[in-house]
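There are 2 protein chains.
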Amino acid sequence: MAVVVMKFGGTSVADVDRIRNVARHVKREVDAGNKVAVIVSAMAGTTNQLVAWVNDASKSYDRREYDAVVATGEQITAGLLAIVLQSMGVKARSWQGWQIPIETSAAHGSARIANIDGKALRDRIETGEVAVVTGFQGIEPEHQRVATLGRGGSDTSAVAIAVAVNADVCDIYTDVDGVYTTDPRIVQKARRLPKISYEEMLEMASLGSKVLQTRSVELAMVHRVRLRVLSSFVAPDQMSPVRLDKLEDIGTIVTDEDEIVEQQVVSGIAYAKDEAKITILKVADKPGIAARIFGPLSDANINVDMIVQNVASDGKSTDMTFTVQSAELSRTLDVLKAAEKDIGHFEVQSSADVAKISVIGIGMRSHAGVAAGMFKALADKGINILAISTSEIKISVLIDAAYAELAVRTLHTMYGLDAV
Amino acid sequence: MAVVVMKFGGTSVADVDRIRNVARHVKREVDAGNKVAVIVSAMAGTTNQLVAWVNDASKSYDRREYDAVVATGEQITAGLLAIVLQSMGVKARSWQGWQIPIETSAAHGSARIANIDGKALRDRIETGEVAVVTGFQGIEPEHQRVATLGRGGSDTSAVAIAVAVNADVCDIYTDVDGVYTTDPRIVQKARRLPKISYEEMLEMASLGSKVLQTRSVELAMVHRVRLRVLSSFVAPDQMSPVRLDKLEDIGTIVTDEDEIVEQQVVSGIAYAKDEAKITILKVADKPGIAARIFGPLSDANINVDMIVQNVASDGKSTDMTFTVQSAELSRTLDVLKAAEKDIGHFEVQSSADVAKISVIGIGMRSHAGVAAGMFKALADKGINILAISTSEIKISVLIDAAYAELAVRTLHTMYGLDAV
Numbered sequence: 000m001a002v003v004v005m006k007f008g009g010t011s012v013a014d015v016d017r018i019r020n021v022a023r024h025v026k027r028e029v030d031a032g033n034k035v036a037v038i039v040s041a042m043a044g045t046t047n048q049l050v051a052w053v054n055d056a057s058k059s060y061d062r063r064e065y066d067a068v069v070a071t072g073e074q075i076t077a078g079l080l081a082i083v084l085q086s087m088g089v090k091a092r093s094w095q096g097w098q099i100p101i102e103t104s105a106a107h108g109s110a111r112i113a114n115i116d117g118k119a120l121r122d123r124i125e126t127g128e129v130a131v132v133t134g135f136q137g138i139e140p141e142h143q144r145v146a147t148l149g150r151g152g153s154d155t156s157a158v159a160i161a162v163a164v165n166a167d168v169c170d171i172y173t174d175v176d177g178v179y180t181t182d183p184r185i186v187q188k189a190r191r192l193p194k195i196s197y198e199e200m201l202e203m204a205s206l207g208s209k210v211l212q213t214r215s216v217e218l219a220m221v222h223r224v225r226l227r228v229l230s231s232f233v234a235p236d237q238m239s240p241v242r243l244d245k246l247e248d249i250g251t252i253v254t255d256e257d258e259i260v261e262q263q264v265v266s267g268i269a270y271a272k273d274e275a276k277i278t279i280l281k282v283a284d285k286p287g288i289a290a291r292i293f294g295p296l297s298d299a300n301i302n303v304d305m306i307v308q309n310v311a312s313d314g315k316s317t318d319m320t321f322t323v324q325s326a327e328l329s330r331t332l333d334v335l336k337a338a339e340k341d342i343g344h345f346e347v348q349s350s351a352d353v354a355k356i357s358v359i360g361i362g363m364r365s366h367a368g369v370a371a372g373m374f375k376a377l378a379d380k381g382i383n384i385l386a387i388s389t390s391e392i393k394i395s396v397l398i399d400a401a402y403a404e405l406a407v408r409t410l411h412t413m414y415g416l417d418a419v
Numbered sequence: 000m001a002v003v004v005m006k007f008g009g010t011s012v013a014d015v016d017r018i019r020n021v022a023r024h025v026k027r028e029v030d031a032g033n034k035v036a037v038i039v040s041a042m043a044g045t046t047n048q049l050v051a052w053v054n055d056a057s058k059s060y061d062r063r064e065y066d067a068v069v070a071t072g073e074q075i076t077a078g079l080l081a082i083v084l085q086s087m088g089v090k091a092r093s094w095q096g097w098q099i100p101i102e103t104s105a106a107h108g109s110a111r112i113a114n115i116d117g118k119a120l121r122d123r124i125e126t127g128e129v130a131v132v133t134g135f136q137g138i139e140p141e142h143q144r145v146a147t148l149g150r151g152g153s154d155t156s157a158v159a160i161a162v163a164v165n166a167d168v169c170d171i172y173t174d175v176d177g178v179y180t181t182d183p184r185i186v187q188k189a190r191r192l193p194k195i196s197y198e199e200m201l202e203m204a205s206l207g208s209k210v211l212q213t214r215s216v217e218l219a220m221v222h223r224v225r226l227r228v229l230s231s232f233v234a235p236d237q238m239s240p241v242r243l244d245k246l247e248d249i250g251t252i253v254t255d256e257d258e259i260v261e262q263q264v265v266s267g268i269a270y271a272k273d274e275a276k277i278t279i280l281k282v283a284d285k286p287g288i289a290a291r292i293f294g295p296l297s298d299a300n301i302n303v304d305m306i307v308q309n310v311a312s313d314g315k316s317t318d319m320t321f322t323v324q325s326a327e328l329s330r331t332l333d334v335l336k337a338a339e340k341d342i343g344h345f346e347v348q349s350s351a352d353v354a355k356i357s358v359i360g361i362g363m364r365s366h367a368g369v370a371a372g373m374f375k376a377l378a379d380k381g382i383n384i385l386a387i388s389t390s391e392i393k394i395s396v397l398i399d400a401a402y403a404e405l406a407v408r409t410l411h412t413m414y415g416l417d418a419v
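Protein chains in written order, with numbering that gives the first Met the number 0: chain A, 0 to 419; chain B, 0 to 419.
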């Protein structure tokens, strides 16, 4: 017997038939004697409709009201799934965020989960009743208003509930059957990874892999929740129920580094297109200059990704390169222009067509030459590197977007990730 | 300054443009210094979509889950209206039933409002902030589950909130501009009634007029809430803000009998088609027979309307005539057949094509001959009366459905209700 949290995203619950399919996955676990909490997203398309209505109501909406409207999407799914489960003879009830309660911060629209009292939920699932919990939302305790966690927040809800009910495993059902060495649409020889460390998954999530939301991985890492990525599109009766000694048989487990016996030097290649590169040339190299550049961008809610700073060729000033989402490029340039008085005179170069290619692996910590190998492999294909940024377990480079697929395939082969 | 409750139904909030129109009605009141609580229904069509999903999930659904799903409709409208109001510079926030809280009975799907603590709401609207409240729903306090009041329950929500905040008037905005002497689609000369008593409105509501829900009128009568029926389709700037000394200028006020100075003998003619008549002939005339007939129908959730009992021609047995909705006729006959062992032998006659025509007026109490006039007028047109039922302020007759419009027009003229 295991306590299992199962999370299903929007495409997995897109209509009542898909919800029935989800119910069969849940029933399989219940029939095997597992205790289950299910976290659901809104039916695919529903959230977009709700957001469109809010935007139509007013461009500058009150985020508390946005949350009240948008949170209804998951409430609908939770009720429908509870009904379908009951019709299959499975005891179930829906739980909205405020009913548990899942307490959040007051940052409506992108709230963080602050506290969950999981006692009531745990007691109920111990009786064999399935708890169907609305993902993506909670309640801000001071004003008792519904708060949402932001797009993709249901992954985070699932991990937080797994912590609250002390689950043995948190299974994230998606439209892919696991985490791959890279995007299988680009590299046919991409391999499913049976295991990956939290740190690697975190880098992959923040570098463009859409399998799991970054915050959910962080939370799982902090609380040592065993996360597993599975496909809801596999027929429910073609999968075995959860057995804790056989978790590795399907999907990908995200777990502690020391549970991974045979470490690869590089576990995966991530890439992000739709990036724009901005280089600010010859700004005065003095304390506080970075704050004067990035403060106004942060105030304008522009998400800056990679930042590289170099001493300029004249030795007295500095060059600063950073990336933003392509869609934000023109707004970024406007904000910089407006801040020129404060920053001092500078020149700008920008390009909307760059891609970020990242190589990730906890093995890098103990292996030298990983970066050198990457640079050489790209050079051999004539791919020019525009900027480099490294961390302990990843190396990212910016290149011309046209070469993105070639670079990913080249690196995938070079690091021995191709399936045999 | 007045405390005003405004209620808008589904067609009045059918899309974001219609919600903007509602916001202008609300702003007009706020600009005039009135304190406002708004009760909203789900956007037209939304509730039907939600109910369809529930029925698709399972025909025999858990009513608590039905409520969790269906209650989202009003939550969406409330959030959107709050956003639109704010964009017009009007302070506003949405309130869901559980946030106030509106406490209800545990009869999910058709719950009754048990208690509302209106203090917080009243304090907030006194500051000038508009309270946008979800109609049709509340919270069942013991299990903290969302409960809905059943179709049309938003009228009841509005009256209950009016009681809770001690409102001066409860304005129900609909797609008609008031209560008419009869359906204007049938009788062109139908007149809008500037005032009508609670008792008359109650009879009209239960006899087929769809302007107000019966329970809302009952609640208003008990608590002496001044109800007014208005059209949301009149341009917001073509209406004057609420002034308590000028409430009669538009719409129809539903109020105490003694506020109505000049009483008509008959205030209105109501009709209901889609009725089926069932006559049970020659059942044993003994105590308990009615219970044995209507008990099984009640157990089967069949709503029996008019009941007429007569001694049969043989003087020893009795005949019983009653009506149900046409759609329920065949199910009703099945239930009766199954109960035959208990009832004893009987013969049945039924007709799916009858109409109920009702004449309503508090003036009947002090005027003799109202019924006789009705019967004569119908006889003059050759309309046969199948059954008669009377109460203190109304007379209802069953006739062949084909004559319904003719009967209504005839009676409308005969009682002097035609507009001049």
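Don't be surprised by glycine CBs; every beta carbon is placed ideally from N, CA and C.
query	result
Neighbour-count burial assignment, A/G32, 16 or more Cβ in a 10 Å radius	exposed
Inter-stretch contact at 8 Å, needing at least 3 Cβ pairs: the stretch 307-318 of chain B / the stretch 365-373 of chain B	no
Beta-carbon proximity check, A/Y361 vs A/I392, cutoff 8 Å	The sequence given here places Ile at residue 361 of chain A; Tyr does not occur at that position. For A/I361 and A/I392, yes; Cβs fall inside 8 Å.
Residue range of the alpha helix (DSSP H) that includes A/Y65	62-69
Touch test, the stretch 246-256 of chain B against the stretch 194-209 of chain B, Cβ-Cβ under 8 Å, three pairs minimum	yes
Proximal chain A residues relative to B/Q74, where beta-carbon distance stays under 9 Å	A67, V68, A70, T71, Q74, V145
Status (buried if at least 16 other CB within 10 Å, exposed otherwise) for A/Q187	exposed
Coil, strand or helix - A/A51 by DSSP	helix
Whole-angstrom C-beta distance between A/K34 and A/V15, which should lie under 8 Å	Incorrect: roughly 26 Å between the Cβ atoms, too far for contact.
Cβ-Cβ distance between A/T45 and A/I75 below 8 Å	yes
Proximity to B/W52 [Cα-Cα], best of A/I18, A/D333, A/D116, A/E346	A/I18
Contact check, B/G78 vs A/E64, beta carbons under 8 Å	yes
Inter-residue spacing [alpha-carbon to alpha-carbon] between A/R92 and B/S59	15 Å
C-beta neighbour in chain A for B/V323, strict 8 Å	no
Proximal chain B residues relative to A/Q85, where beta-carbon distance stays under 8 Å	S57, Y60, D61, E64
Where A/V336 falls: helix, strand or coil (DSSP)	One detail in the question is off: residue 336 of chain A reads as Lys in this sequence, not Val. Residue state, collapsed to three classes: helix.
Nearest neighbour of B/V233, chosen from B/P193, B/G177, B/K380 [CA to CA]	B/G177
The stretch 208-216 of chain B contacting the stretch 397-417 of chain A, beta-carbon criterion three pairs below 8 Å	no
Meets three-Cβ-pair contact criterion under 8 Å: the stretch 121-139 of chain A and the stretch 88-105 of chain A	yes
Environment of A/H411 [buried if 16+ CB atoms lie within 10 Å]	buried
Expected contact under 8 Å - CB spacing of B/I359 and B/E202 to nearest Å	5 Å
Integer Cβ distance of B/G149 from B/G108, believed to fall under 8 Å	6 Å
Straight-line Cα distance separating B/L397 from B/A113	36 Å
When B/K118, B/Y172, B/A146 are compared against B/F7, the one with the closest alpha-carbon	B/Y172
A/V15 at chain B interface by Cβ criterion, 8 Å	yes
The stretch 217-234 of chain A contacting the stretch 160-172 of chain A, beta-carbon criterion three pairs below 8 Å	yes
Start-to-end residues for the beta strand (DSSP E) that takes in B/V419	No beta strand (DSSP E) holds B/V419; DSSP gives it neither H nor E.
Three-state class that DSSP yields for A/V158 in the structure shown	helix
8 Å Cβ cutoff met for B/G137 and B/I101	yes
Pick from A/A400, A/A338, A/K340 that is closest to A/A351, judged by C-alpha positions	A/A400
B/S357, buried or exposed, once every other Cβ within 10 Å from all chains shown has been counted against 16	buried
Inter-residue spacing [alpha-carbon to alpha-carbon] between A/I293 and A/E247	As written in the sequence, residue 293 of chain A is Phe, which differs from the Ile given in the question. Spanning the two alpha carbons is a distance of roughly 43 Å.
Per-residue contacts from B/V53 into chain A (C-beta, under 8 Å)	G78, L79, I82
Given A/Q237 as reference, the closest of A/M363, A/N20, A/I279 once Cα atoms are compared	A/N20
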